[in-house]
Amino acid sequence: MTMGKKYCIGVDVGGTNIKSAFIKDGKIIKRVKILTHAEQGPGTVVDQIKNAIQTFTKPISHIGIGIAGIIDSRKGIVRYSPNLAGWTNVRLAQTINKKFKVPVKILNDVNAICLGEWKFGAGKGYNNIFLFTLGTGVGGAAVCEGKLLFGANGFAGEFGHSVIKYDGKRCTCNQFGHLEGYVGARYIVARARRRMKKRKSSLRKYKKITPRIIAQEAKRGDALAKEIFAEIGFYIGVGLSNIISLFDPEVIIVSGGISRAGKVLFESMRKTAEQRIMGAQYRKFKIIPGKLGDDAGILGAVYFAGNFSTSST
């Protein structure tokens, strides 16, 4: 079963919003966004997912759902989701299947983004890619030899929890030296605020600073914002040197708002990675921004639901 010439629904479940899309012939033809109400527990959120799906009234062939956390795609179970209160061993695929009577498959949200970019976006045409997202945390996913990499337990791709300094700062997961502890959203914003106290910056005009705003101002030429993203690029580059050594990807895709930082980020990442890998002169790889934005996860989830048989709904 493929995406083409069939109606299907893709869902991206976030801690704040649930985004769903009605898809025909592999193209999104209608989008809906509703509140998640994550703090109200699994029952309410599952009802919201159902509401997001039943907004579309035409018959569908399958449903794909991307959701943050530790996801057992084979059994259709959300083992744990950091963005959703009380989500432990929730049989999401089975519950949605019971309601809508069509095949339902679920997968980690970053895996969904990776699949979307691989099949329809920046990674199209390549067999070995690595994708990472940078937000509150740092997510990662990989396609190796034309197959999405899940790992023995379904946890492959945890880029943010790769170690870049064995005796480094404590991560939110309580371990030390993880990449996320150096480039997660809180770190980026805290670093910017500290430096703004002593230096001029266009960032001062914002009441609330986010990594996306810092990236935006870096691209516009603000010296402080550029400096911060050069440093972020260095740390990410250290992490990517490990990924390149392990998986030898053709393309590394940067997903999300930080890709807007442009040249200052990408040059720093590439330079650092090339300095730290063996045989850099013999390797060909690109570090590029994603193309699909918020649509990547939705398209990837639907593709997964229509083309993989790992879920038992």
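Those letters in the sequence shown? Residues 0 to 312, by numbering that gives the first Met the number 0. The beta-carbon is built from N, C-alpha and C at its ideal position, and this holds for glycine as well.
*Run the CB neighbour count on Gly236, radius 10 Å, all protein chains shown included, and call it buried at 16 or more, exposed below.*
buried
*Does the count of Cβ pairs from the region 48–59 and the region 10–18 closer than 8 Å reach three?*
yes
*Around the Cβ of Tyr234, are there at least 16 other Cβ atoms within 10 angstroms (buried) or fewer (exposed)?*
The residue is buried, with at least 16 neighbouring Cβ atoms inside 10 Å.
*Option nearest Gly261 by Cα separation, candidates Lys225, Asn152, Arg194, Tyr165*: Lys225
*In chain order, what residues of the same chain have a beta carbon less than 8 Å from the beta carbon of Ile213, not counting five sequence neighbours either side?*
Ile187, Val188, Ala191, Leu202, Ala224, Ile227, Phe228, Ala260
*Could you tell me how far apart the beta carbons of Gln47 and Ile17 are, in whole angstroms, since I believe they sit closer than 8 Å?*
6 Å
*In the region 40–124, which residue ranges form an unbroken alpha helix (DSSP H) of at least 4 residues, counting only runs that do not cross its ends?*
41–53, 91–99, 108–119
*7 Å CB neighbourhood of Pro81 in its chain, flanking five on each side removed*: These residues qualify, in order along the chain: Ala67, Gly68.
_Which listed residue (Thr135, Gly122, Ile76) has its alpha carbon closest to that of Glu144_ = Gly122
*Ala111: which of Arg73, Val162, Leu130 sits nearest, CA to CA?*
Leu130
_Buried or exposed (CB count within 10 angstroms, at least 16 for buried), Met2_ = Residue placement at Met2 cannot be trusted, given a pLDDT of 48 that sits under 50; what the coordinates show is reported in the next sentence. With 16 or more Cβ atoms within 10 Å of its Cβ, Met2 is classed as buried.
*Would Gln174 be called buried (16 or more neighbouring beta carbons within 10 Å of its own) or exposed?*
exposed
*Distance between Asn152 and Gly134 (C-alpha atoms, nearest Å)*: 24 Å
_Just verifying my parser: in three-state terms, what is the DSSP assignment at Ala260?_
Looking at Ala260 - three-state DSSP - the assignment turns out to be helix.
_Those runs of the beta strand (DSSP E) which lie wholly inside the region 245–293 and span at least 3 residues_ = 250–254, 285–288
_Less than 9 Å between the beta carbons of Phe303 and Ser60, yes or no?_
no
_The alpha helix (DSSP H) enclosing Ile212, as first and last residue numbers_ = In the DSSP assignment, Ile212 falls within the unbroken alpha helix (DSSP H) covering 210–219.
*Evaluate contact between the region 97–112 and the region 261–276, counting only Cβ atoms and requiring at least three cross-stretch pairs below 8 Å.*
no
*Would you call the region 83–90 and the region 164–178 in contact, with 3 or more CB pairs under 8 Å?*
As far as the Cβ criterion goes, the region 83–90 does not touch the region 164–178, which means the pair count is below three.
*Using only alpha-carbon positions, find the residue among Ser19, Tyr181, Leu298 that is nearest to Val137.*
Tyr181
_Alpha-carbon spacing of Val101 relative to Thr132, whole angstroms_ = Approximately 30 Å between the Cα atoms of the pair.
*Go ahead and label Pro58 buried or exposed: buried means 16 or more other beta carbons lie within 10 angstroms of its beta carbon, across all protein chains shown.*
exposed
*Could you check which residue in Lys29, Ile70, Ile33, Thr43 has the C-alpha nearest to that of Thr56?*
Lys29
*With a 10 Å radius around its C-beta and 16 neighbouring C-beta atoms as the bar for buried, classify Phe154 as buried or exposed.*
exposed
*Give the secondary structure of Ile231 by DSSP, where H, G and I count as helix, E and B as strand, and everything else as coil.*
helix
_Ala217 to Gly42 span [Cα, whole Å]_ = Ala217 and Gly42: Cα-Cα distance of roughly 42 Å.
_Cβ separation of Ile128 and Pro248, assumed to be a contact under 8 Å, to the nearest whole Å_ = 5 Å
_How far does the alpha helix (DSSP H) with Val182 in it extend, from its first residue to its last?_
Per DSSP, Val182 belongs to the alpha helix (DSSP H) from 179–182.
*By the 10 Å Cβ neighbour count, where 16 or more other Cβ atoms means buried, how is Ala222 classified, buried or exposed?*
exposed
_Reduced DSSP secondary structure (H/G/I, E/B, other) of Gly136_ = coil
*Tell me whether the beta-carbon of Glu116 lies closer than 9 Å to the beta-carbon of Lys285.*
In this structure, Lys285 does not lie closer than 9 Å to Glu116 by Cβ.
*Sorted by chain position, which residues of the same chain lie with C-beta nearer than 6 Å to Ile64's C-beta, five sequence neighbours on each side aside?*
Val10, Ile105, Ala300
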